[in-house]
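Take the sequence shown: its position 11, counted from the start at 1, is 302 in our numbering, and no numbers get skipped. Glycine included, each C-beta is placed from N, C-alpha and C at the ideal position. Bear in mind that the values here come from a model prediction, so they are computed numbers and not experimental data. Shown next, in structure tokens, is the structure this report addresses.
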Amino acid sequence: MARLNAVESDVYDRIRTAIGERRLLPGQRLREVELCRIFGTTRGTIRKVLARLAFDGLVDHEPNRGASVARPTARQAADLFVARRCIEQAIAREALARVSPADEAKLRTHIAREHGAREAGDRRRIIALSGEFHVLLSQIAANTVLSRYLVDLIAQESLIIQLFEKPGADQCSCDEHAGIAEALLARDGDRLARLIDSHIDGIAGSLDLEQRGMARPNLDDVFAEG
Numbered sequence: 292m293a294r295l296n297a298v299e300s301d302v303y304d305r306i307r308t309a310i311g312e313r314r315l316l317p318g319q320r321l322r323e324v325e326l327c328r329i330f331g332t333t334r335g336t337i338r339k340v341l342a343r344l345a346f347d348g349l350v351d352h353e354p355n356r357g358a359s360v361a362r363p364t365a366r367q368a369a370d371l372f373v374a375r376r377c378i379e380q381a382i383a384r385e386a387l388a389r390v391s392p393a394d395e396a397k398l399r400t401h402i403a404r405e406h407g408a409r410e411a412g413d414r415r416r417i418i419a420l421s422g423e424f425h426v427l428l429s430q431i432a433a434n435t436v437l438s439r440y441l442v443d444l445i446a447q448e449s450l451i452i453q454l455f456e457k458p459g460a461d462q463c464s465c466d467e468h469a470g471i472a473e474a475l476l477a478r479d480g481d482r483l484a485r486l487i488d489s490h491i492d493g494i495a496g497s498l499d500l501e502q503r504g505m506a507r508p509n510l511d512d513v514f515a516e517g
């Protein structure tokens, strides 16, 4: 996959962030003309960005219909959680061997931010920080390959949650993140492994794996927020 230039990277980041923050919904059409107008760029740029997002598993291309936000199937959802469990456990093992006092400070600061977002009821911030916690663990592990796969899985998971989340489900408790962080800082590998499994089981258990329809916001409104 060809590298993106600065303009393409900016458009890519904004669309990917909108997907990760659940502002763009599964199945939503991504019309080139609209995106060119919103971002003030060319069709060539938009096509290159959409191709990169398709490579990441976040956009689907259909003949004669163009691009749309990916709409994962129930089977893909189940497969993702199997993959995520394997990757997160590998990250945890690597992080146990490398965690430092500086990492402890970063983890405690992050957990405090999660609690602050929860208390403020800032759903968009809660979603962003939830993903960032797992990325932080991968940074502590210092394994760029695992980190790259994890980032892609987290983005794809945001689409799965939108499609399959049970009504009233509470995703990714910051208390669970705090427990994972404490186990890592205590170098308690057995407890860390159990908490990660429990955490992923909780997310998977909040899904019913039956697709439902959903209202799709206007693209102008999505990117006016971001």
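Euclidean distance between Cα positions of residue i and residue j
| i | j | result |
| --- | --- | --- |
| I306 | G480 | 37 Å |
| A386 | E325 | 43 Å |
| E379 | L441 | 8 Å |
| H468 | A358 | 35 Å |
| E456 | I494 | 9 Å |
| R338 | V350 | 11 Å |
| L341 | E395 | 38 Å |
| T435 | L475 | 19 Å |
| T400 | I487 | 20 Å |
| A515 | A477 | 43 Å |
| L500 | A433 | 34 Å |
| D370 | L428 | 22 Å |
| A419 | L437 | 19 Å |
| T336 | D301 | 11 Å |
CB contact flag (residue i, residue j, <8 Å)
| i | j | result |
| --- | --- | --- |
| M292 | F372 | no |
| I402 | G422 | no |
| R362 | L454 | yes |
| I329 | L450 | no |
| A472 | A383 | no |
| C465 | R409 | yes |
| L295 | R343 | yes |
| D413 | G348 | no |
| I431 | R389 | yes |
Burial state of residue i, where buried means 16 or more other Cβ atoms lie within 10 Å
| i | result |
| --- | --- |
| H352 | exposed |
| G354 | In the sequence as displayed, the identity of residue 354 is Pro instead of Gly. Exposed, since its Cβ has fewer than 16 Cβ neighbours within 10 Å. |
| R415 | exposed |
| C377 | exposed |
| T333 | exposed |
| T364 | exposed |
| P317 | buried |
| A393 | exposed |
| S391 | exposed |
| A368 | buried |
| G470 | buried |
| R314 | buried |
| R375 | buried |
Beta-bridge pairing of residue i - partner residues as DSSP gives them
| i | result |
| --- | --- |
| S359 | R320, D351 |
| E456 | L498 |
Contiguous beta strand (DSSP E) assignments of at least 3 residues, all confined to the region 413-477: Under the rule that a run must span 3 or more residues, no beta strand (DSSP E) segment is found entirely inside the region 413-477.
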